[in-house]
Amino acid sequence: IYNRPTNSEAPSGRGIDLSESRLILITSAGSYLPAIHEPFDAENLLGDYSIRLYPTNTPLDALSYAHDHYNHAAVEEDPQVLIPLEHLKDMAAEGMIGELADTVISFHGYTPNSARFVDETIPLMLEAALQEQPQGALFVPA
């Protein structure tokens with residue numbers, strides 16, 4: 040149903056061939072594994088600038104969401120609206136993407152201090168992403 044745009048050239052920087060690329064999933068859903076992670080500090084009016092990492096083979100029903108700034112009804116009904124792991128695995132199996140990195144990067148999207156986000160959260164995400172050696176990232180905002 041969705042009309043996917045076709046870009047003839049990359050809007051900035053060098054383009055990649057998705058069918059030959061390793062992609063990492065980054066989400067601002069505030070998702071975490073309660074069995075091993077502390078939840079994000081969703082009630083903090085100053086925001087939470089930390090990240091959580093979990094494997095891409097995590098069962099979606101094992102995830103929790105600590106984020107007070109979006110309605111959780113859709114993600115509770117279908118976690119793939121914010122964590123599309125099964126869709127991405129299908130895309131890899133069909134050859135639409137080369138492969139999916141082994142780790143998901145999750146952060147709490149309510150980060151009102153943009154300078155702090157750039158100084159604290161971005162370096163954490165970059166370090167985690169570089170460990171996976173991706174050619175591209177898929178960012179799914181909450």
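The opening position of the sequence shown corresponds to residue 40 in my numbering, with each subsequent residue numbered one higher. Glycine included, each C-beta is placed from N, C-alpha and C at the ideal position.
> Three-state secondary structure (DSSP) at E115?
Replying inline: helix
>> Would I144 and L62 qualify as a contact pair, given that the criterion is a beta-carbon distance under 9 Å?
In response: Result no, Cβ atoms of I144 and L62 do not sit closer than 9 Å.
>> Going by DSSP in three states, A68 sits in which element: helix, strand or coil?
In response: strand
> Should D141 and E171 be called a contact, given that it needs their Cβ atoms to be closer than 9 Å?
Replying inline: Taking the C-beta atoms as reference points, E171 is found nearer than 9 Å to D141.
> What did DSSP end up calling E138 once you bin it into helix, strand or coil?
Replying inline: strand
>> Short of 8 Å in beta carbon distance, which residues of its chain neighbour T66, apart from the five on each side in sequence? Order them along the chain.
In response: L121, I122, V143, I144, S145, F146, F178, V179, P180 and A181
> Just curious, the alpha helix (DSSP H) that I161 is in, first and last residue?
Replying inline: Taken as a continuous stretch (DSSP letters only), the alpha helix (DSSP H) holding I161 covers I161 to E171.
> CB T97 to CB L124, shorter than 9 Å?
Replying inline: yes
>> Among S47, R53 and L57, whose alpha-carbon lies nearest the alpha-carbon of A131?
In response: L57
>> Please return the same chain residues whose Cβ sits closer than 7 Å to the Cβ of A168, not counting the five positions on each side in sequence.
In response: Excluding sequence neighbours, A168 sits near I63, I144 and A176.
>> If distances are taken between C-alpha atoms only, which option among G134, S103, D80 and L85 comes closest to L72?
In response: S103
> Between the C-alpha atoms of T45 and I55, what's the straight-line distance to the nearest angstrom?
Replying inline: 14 Å
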